[in-house]
Structures are given as C-alpha cells and as structure tokens.
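Asks: Got a structure for you, written out below as structure tokens; questions coming shortly.
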Amino acid sequence: MIAGIVRVNTNRYHLVFLYFSTIFIVMSSQVFSSSDFLLEKEELENGTLQPENWRDWALGRTGEDIHADTIEKVIVLLAQTKDVTPDEEHSISYFDELLFGDSFGSMSHFYSENSRGQTKVQGEVVGWLQLSNDLSEYDEELWLGEEYGVGDGIEEALTKADESVDFSIYDQNGDGIIDNLMVVFVGENDAVNGDGDGDGDESDANAIWPIQWLLQSPHETDDGVTASNFFVCSEHCDLGTFAHEFGHNLGLPDLYDSDYSSSGVGFWSLMSGGNYLEWNDKPNPAHFDAWSKYKLGWILPTEIDSESQQSHQITLDPVETYGEIIKVPISNYEYWLIEFRSNKAGDYDRGLPSSGILIWHIDESITNEYGFDNSDEEHPTVKLIQADGYDDLKNGWNEGDAGDPFGINSVINNRTSPSALSWSGSDMGFSMSVSEMDENMATVSFSGNDLPRAWFYDVIWNWDDSEGDGFLNEIVFTYDIDSDSSNLDVRVEFQVSDRLTDEYVGSFNSSHNISGDDFDDFKYTIGRYSEEMVLFEIVAILWVENEPLDSYSPAHPIWLEYPS
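Under my numbering, think of the first position of the sequence shown as -5, with each following residue one higher.
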C-alpha cells in the first residue's frame, strides 16, 4: 500500500511528501505463527510488541515468494457500509474497466506494459455488497479494540459474495487458498484524505487506508478454498494505488523508507513514490524498478564480469518497451542493475522527471524479520545511485529529479562521486560511461581501470557580471583536478544546452597538464550566445586519452540575463 500525505517538516522550510505502505496481520486471541513471526494478542494490547506506528507492521517475505504468473486472476469485492453510499459513477462496470480493461489507464494494461505481455491480469468484480456496520467499524485504526476493523469487513464481504462467486477458480496453484483477493470499501481513501466524514479532524477513524493484510485465521468459503491474504483500497483509489497494492500481492516489498527518514527510491518505482505520478492531469504511475521486474521474472539481464578488465559496450533500448537491463555481480547477494528509463517510450513512466540510465545498487542480504528492508537509508536493500551525487533521496529532500539518471558522457568509477564501489568499499574494477544516448537508445561502455586515474577534486561555479550593468551574463567555473599519476594531459569538455529552447548550444574544451594532488586553479568562462535570457544546463566532462573519467553538473540550470 502506498499513500501520499503532506506534512510540514519542521526541520526544513519546504513540504515533504511521505509515501507509506504496509503489509499487516490482523491478530486474534490465538497464537499466530508465520515462519519467524510469532505474536499473541495480549502482547499487542499491552504494548510490549506494538510499534510506534501501527502501520510499520509487515509480514516477512523472501525472494522465493516474489513471482508473477502468466495469468493472474483477481476476485474483487465491492463493500458498502450502512452509513456511506458509493459515488454514482463507481459502478461495477467502472471498476471492471479500471482494473481489467484492455485500454490505457487500467491495471491490466499497466501490468501488460511492465511485463511486456508476460503477465495478464484478469478478474471479476462483485458488488456492491451490503455490510452490517458503519464505515468506522471497519477502519483499521480500531484493530486493537474489540472489533478487528477491516478484517471483519473482509469476512463479511466474503460471506455475502459466497452465494454467487465460485472462489475455487481463484486458487490457481491448487494450494487451497485464494491467490488474489481484493476488497474495495466505500468512501474516501484515508491515506490521502485522512478525514472520512469531512469534519476536518484528520485523526478520526472513518475511512479505509489502502493496505495488504492477512486474516487472523483462514476464512472458509463454500467452494473448498480459504481466504487468507487480501488487499484493500477505497472506491477513490486510482490506478497507481491499485497497481501498487497488487504488487504486494505478488510478493514485492515497499521501496519507500518505512521510518520516513528518507525518500526511499522516490518516484522511480511504483513500489515507492511512483504510484502518484501524473501526466496531462491524469494518473500515470511509474514503472516498476529494474529489481522488481527482475524478481518477478519479467527480465533476464545481460551479465558482465566486472573483474575481467575487458571492455564492454552494450546498447540498451528503453526498458519500458524492450525490457533490457545489465547486471554487474559483486557477490552472491550484492549486484548492480542498469536500465535505460525513458519518459517517452511507453504509455506509463511519462511523469518521470527525466530519461536516462538508472543504476540500482542491490544488496539482498539486507533484511529484517519481515523480509527485504529499505528502511535504513545508509544501507537499504534497493538503492538508486543518483548521478548528480547529491543524495536527495537519501536525505529526503525530494522524491527524485532530473539529476538522478546518468546522461550522455556521464561517468562512474572508483574515483567519481558517486563511485563504483561495493557496500564494503571495495573497488568494482571498472569505469562505466554513457557513450551514446537519444530518445530511443543508450550505449553503456565499460572499461578496466588500467588507464591513469584522474578526477575532479573540486568544482565551483559562480555567476559574473562582467559588463557591470547589474545583469548576470557569464558563468565562471573554477576547478581542481587530481590524479594518481604525474605529468598527465587531460581535457575538460563543457557541454551546454539551453533549457528554454531545448537547443544544444555547443561543446567547449580546455586542456591541462596535471600532476598528482597538486593544487590547480583552472578557470573556464561560459557566456550568453544571444541577446536573450538563457537557462543553461551544463555538464563538465574530464577526459584522459579519449576516455571520460569523471563528470560534474551544477545542481540546477543556470540563468543568464540580458538588459531589457
């Protein structure tokens, strides 16, 4: 489950969007055991095992649990309460089209594009089923009270639907358990609205929070199968939230930071903040990240040996349409995944901040008692290596920006920032650069670390008013280059584009001779190319023997002005 809540961060001046998600177990007075998970209701009620935030509970999952079948059948139950009537437009046919339609904007279409046709989501919508209590009685805020909140609503809906539904057809693997059970409750989405009855009190309990849970005990149906796992949404959930919740049912963990101290992987995955992306004022969620697609079995990576010192050049088409990724093993559990993400190639991913090469650092040894763990921003299971080196996601400063993907001539190796190092700090043994890229492809080049090493030790840029008229008309770069060798010839290339006109302005070069860590005070000035205001995007690339070894980009485009 994922939900967007706006909260004021008192430690910073800006608003931070937090995206929550949880997998829950509704407990009974019986002891419930699931692998290493063993709790009793008394322990929960007396607070000895209750988390600070009840939404932090999660059910353990392992890599073997993550999979998607060729056809995934989903039974959807629409649940209406005594006090709330569904919106008129939220008919059975509305949800049938939203979830199982063949056209753009449906969950089935979204999964078809992400899997490139390997997984088809099909199902049946039943309802509206009349429940016996008010909506507040099914709110999971009350899960430690005499009622067990949403779990009671699930069982009521199952009993009502048993008269007309053959639940056995939704047990695809023959284990006697319904594989995909979704219940849509009437009313607002508590994760977004936070105020089910509209009185302005965000702490009230009268709306359903989208979530995945496990019933306190299996519910027997009349068709010889039981209900155990389920996921819920409200009638106002959009495509992204439905798709995210279904991702949990396939075994995927949340890739947000569950203690909310960072942004996780942000907008770059449906399993983090990407389910809330829009395009042209309509829901347009992000694709799954490369790791999620790999674990679901939708992608077979091209694997390279980082220790071979051999050069590799691999051309990647957009992952949205071709499903190509690169895997660089580090150990049995640690590796990189590299993908070319495009916000123009598919029907989804359109709301991404930019296109480019994404590098994912995976460490599957990072788990907690519930499964893969992305809550520690210092060492998560899945980390996006941000090309600009600013670690905005880790610091929770945003949910992703245009500086995160690696662009043309971007470089990463053991000396760059970010660097090509394992979590233990060891050198991965190669330099990777993006040698070609356009809307339709990107070429990634790998070379051994046999060239002399050189890197930007420091880069500073400043605006300058060289004409003294009060308008900033030049950018002055001051930089220091270090190397592990002496008497080394290097070249610094400045690639300049104008964001306002989408024009490539040009490439400007400056050659230098450097030695070790001697202090350099190199300068290069870039000015306006027309008598208009410009918004320059600039990339500085450090070359040695026609090999890019490092790169630097200012944190944002740079204005240059012209007197008016």
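The C-beta atom is built at its ideal place from N, Cα and C for all residues, glycine as well.
1) Near V528, what residues of its chain come up, given a Cβ to Cβ distance below 7 angstroms and the 5 sequence neighbours on each side ignored?
2) Decide if the stretch 106 to 121 is in contact with the stretch 61 to 72; the criterion is three or more beta carbon pairs, one per stretch, under 8 angstroms apart.
3) Going by CA-CA distance only, name the one from V438, K338 and S336 that's closest to K321.
4) Verify whether the separation of the beta carbon atoms of I332 and A381 is less than 9 angstroms.
5) Let me confirm a value: G462 is counted as buried when at least 16 other C-beta atoms fall within 10 Å, else exposed. Which label applies?
6) Give the secondary structure of V159 by DSSP, where H, G and I count as helix, E and B as strand, and everything else as coil.
7) I need the DSSP call for A221, collapsed to helix, strand or coil.
8) I'd like to know whether the C-beta atoms of N389 and S256 end up nearer to each other than 9 angstroms.
9) Could you tell me how far apart the beta carbons of P312 and S336 are, in whole angstroms, since I believe they sit closer than 8 angstroms?
10) Helix or strand or just coil, what does DSSP make of D386?
11) Candidates L208, S109, R485 and G218: which alpha carbon is nearest G291's?
12) Flag this pair as yes or no: are the beta carbons of A280 and L346 separated by less than 9 angstroms?
13) Closest to G340 by C-alpha separation, out of D458, N278, G181 and I360, would be which residue?
14) Taking the beta strand (DSSP E) that I454 falls in, what are its first and last residues?
15) Can H306 and F98 be called in contact, C-beta distance under 9 angstroms?
16) Any idea what DSSP makes of T56, helix, strand or coil?
17) Would you call the CB atoms of Y270 and G241 closer than 9 angstroms?
18) Check whether the Cβ atoms of H238 and L208 lie closer than 9 angstroms to each other.
19) Could you tell me the alpha carbon to alpha carbon distance between G401 and Y105, rounded to whole angstroms?
20) Under the DSSP definition of a beta bridge, which residues are partnered with T361?
21) Select from S416, N368, G268 and A448 the residue whose C-alpha is nearest the C-alpha of D405.
22) Output needed for H355: all residues of its chain with C-beta closer than 7 angstroms, excluding positions within five of it in sequence on either side, in chain order.
23) Could you tell me the boundaries of the beta strand (DSSP E) in which P237 lies?
24) Distance, Cα to Cα, D59 vs G245?
25) Would you check if the distance between the CB atom of L71 and the CB atom of M176 is smaller than 9 angstroms?
26) Starting from A414 and walking both ways along the beta strand (DSSP E), at which residues does that stretch end?
27) So the candidates are D476, E541 and T153; which of them puts its Cα closest to the Cα of T220?
28) Where D216 and E314 are concerned, what is the direct C-alpha to C-alpha distance, given to the nearest angstrom?
29) Helix, strand or coil for V313 per DSSP?
30) On the three-state DSSP scale, how would you describe M431?
31) Apply the 10 Å Cβ neighbour rule to S310 and answer buried if 16 or more other Cβ atoms are within range, or exposed otherwise.
32) Any contact between the stretch 474 to 493 and the stretch 527 to 544? By contact I mean 3 or more CB pairs, one from each, below 8 angstroms.
33) Figure out for me which residue from S369, S252, S228 and W262 has the closest Cα to the Cα of G350.
34) Leaving out five residues on either side along the sequence, give the residues of the same chain with a beta carbon under 6 angstroms from the beta carbon of D511.
35) For S102 versus D96, is the C-beta spacing smaller than 9 angstroms?
Replies: Taking the coordinates as given:
1) Excluding positions up to five away in sequence, the list reads D492, L494, R522 and L554.
2) Yes, since at least three Cβ pairs between the stretch 106 to 121 and the stretch 61 to 72 fall closer than 8 angstroms, the two stretches touch.
3) V438
4) Not in contact: I332 and A381 (Cβ atoms no closer than 9 angstroms).
5) exposed
6) coil
7) strand
8) Yes, these two residues count as a Cβ contact at 9 angstroms.
9) 4 angstroms
10) Correct three-state label for D386: helix.
11) S109
12) Their beta carbons are under 9 angstroms apart, which means A280 touches L346 by this criterion.
13) N278
14) A448 to D458
15) no
16) At T56, the pLDDT of 38 sits below 50, so the modelled position is not reliable; the number obtained from the coordinates is stated separately. In this structure, T56 counts as coil in the three-state DSSP scheme.
17) no
18) no
19) 28 angstroms
20) F366
21) Correcting the residue identity first, residue 405 is Val in this sequence and not Asp. Checked all of S416, N368, G268 and A448; the closest Cα to V405 is A448.
22) W330, K377 and I379
23) Looking at the sequence provided, one finds Ala at residue 237 rather than Pro. Taken as a continuous stretch (DSSP letters only), A237 belongs to no beta strand (DSSP E), being part of the alpha helix (DSSP H) at L233 to N243.
24) 6 angstroms
25) Yes, the pair counts as a contact, with Cβ atoms nearer than the cut-off.
26) Per DSSP, A414 is not a residue of any beta strand (DSSP E), being assigned neither H nor E.
27) T153
28) 42 angstroms
29) helix
30) Looking at M431 - three-state DSSP - the assignment turns out to be strand.
31) Per the sequence shown, the amino acid found at residue 310 is Leu instead of Ser. When all chains shown are included, L310 counts as buried.
32) yes
33) W262
34) D476
35) yes
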